[in-house]
DNA sequence: TTGCATGCCTTGAACCAATAGGTATGATAC
DNA sequence: GTATCATACCTATTGGTTCAAGGCATGCAA
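Residue numbers (the numbering used here), protein chains in the order written: chain A, 1241 to 1355; chain B, 1241 to 1355.
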């Protein structure tokens, strides 16, 4: 029973970060705000969530960070690698499968449909 | 990185159990199979997941268990309580909000729509 | 010079699914 | 008759992930 974010968040931060980076490189602080804004404040990830995700993704080779100075500020811009693209595809697919399966139960379609 | 079930499972077991019980009382072993069958085997929860969920829900007053003997077998049938019904409503709502928000990012609708 | 927004980061606790066990009964197969 | 399987219940432990709560530094405005 989290006060800030509802449950159902497992794996969502990674998916959202990858998806947003597909539109072009972004830096951590910017991702935090983009996620808050684009979800209409339904999902509000703290920096303590986003930065570890970025570091894990970079370590896994899914994204690549470049330090750059903008207006005297130091930012780390992250870009998707080919591995990151396929990871995104994989996660998007998984997301569709799981949400679809749950939705099926919620709607109450009592049939074991093939594929 | 779970080997069996994909990620995105946070809170899902509780939601599925509550939803299935809305159709009428069921027992643990039966719930395990129903979840596997009705999701087309996309979601496959072990008994080690379902039983703790049932115990937690009963402790919270969301469901009520009755031990009953059927064919010489002892089963504990669980039924939704009024508290369980509102918990189900709450979770269903949350599920819709979160999946909707994520979907919005996945599709790439860059607008902060109200409500 | 005080405060605030930006921008990066880590640590600790808490939660929850998943694994891997364990017990016991009835039915079926050898 | 006894070994095995499906049924039916249960718990302890592990591991992964989110989250809160900090800390550090810079630029700009009051």
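Each residue gets a CB set at the ideal place from its N, CA and C atoms; glycine is no exception. Being a predicted model, the structure only gives us computed values, none of them experimental.
Does any residue of chain A have a CB that is nearer than 8 Å to the CB of residue 1250 (chain B)? Position 10 of the second chain holds residue 1250 (chain B). Judged by the 8 Å Cβ criterion, residue 1250 (chain B) is in contact with chain A.
Distance check for residue 1319 (chain B) and residue 1262 (chain B), CA to CA, integer angstroms please. Taking the first residue of the second chain as position 1, residue 1262 (chain B) is located at position 22. Taking the first residue of the second chain as position 1, residue 1319 (chain B) is located at position 79. Distance between the alpha carbons of residue 1262 (chain B) and residue 1319 (chain B) is about 8 Å.
Return the chain-ordered ranges of every alpha helix (DSSP H) run that is complete within the region 1245 to 1275 of chain B and spans a minimum of 4 residues. Correct list: 1252 to 1261.
Give a yes or no on whether the minimum CB-CB distance between residue 1273 (chain A) and chain B is below 8 Å. Counting from 1 along the first chain, the entry for residue 1273 (chain A) is found at position 33. Output row for residue 1273 (chain A): interface = no.
Distance, residue 1311 (chain B) Cα to residue 1326 (chain B) Cα: Translated into positions along the second chain, residue 1326 (chain B) becomes position 86. Translated into positions along the second chain, residue 1311 (chain B) becomes position 71. Going from the Cα of residue 1326 (chain B) to the Cα of residue 1311 (chain B) covers about 34 Å.
Under a CB-based cut-off of 8 Å, is residue 1379 (chain A) close to chain B? With chain A covering 1241 to 1355 only, the question about residue 1379 (chain A) has no answer from this structure.
Alpha helix (DSSP H) containing residue 1345 (chain A): first to last residue? Within the first chain, the letter at position 105 stands for residue 1345 (chain A). Start and end: 1322 to 1347.
Select from B:1253, B:1332, B:1273 and B:1330 the residue whose C-alpha is nearest the C-alpha of residue 1296 (chain B). In the second chain, residue 1296 (chain B) corresponds to position 56, counting from 1. When only C-alpha atoms are compared, the closest one is B:1253.
For the structure I just gave you, are there three or more beta carbon pairs, one from the region 1268 to 1285 of chain B and one from the region 1333 to 1348 of chain A, closer than 8 Å? With the cut-off at 8 Å, the region 1268 to 1285 of chain B and the region 1333 to 1348 of chain A touch.
Under 8 Å between C-beta atoms, does residue 1280 (chain A) make it to chain B? Stepping through the first chain from its first residue, residue 1280 (chain A) is reached at position 40. Output row for residue 1280 (chain A): interface = yes.
Taking C-alpha atoms, which residue in A:1315, A:1335 and A:1300 lies nearest to residue 1321 (chain A)? Your numbering for residue 1321 (chain A) matches position 81 in the first chain. Nearest of A:1315, A:1335 and A:1300 to residue 1321 (chain A), Cα basis: A:1300.
Residue 1305 (chain A) - partner residues in DSSP beta bridges: Taking the first chain and counting its residues from 1, the one referred to as residue 1305 (chain A) is at position 65. A:1318, per the DSSP bridge assignment.
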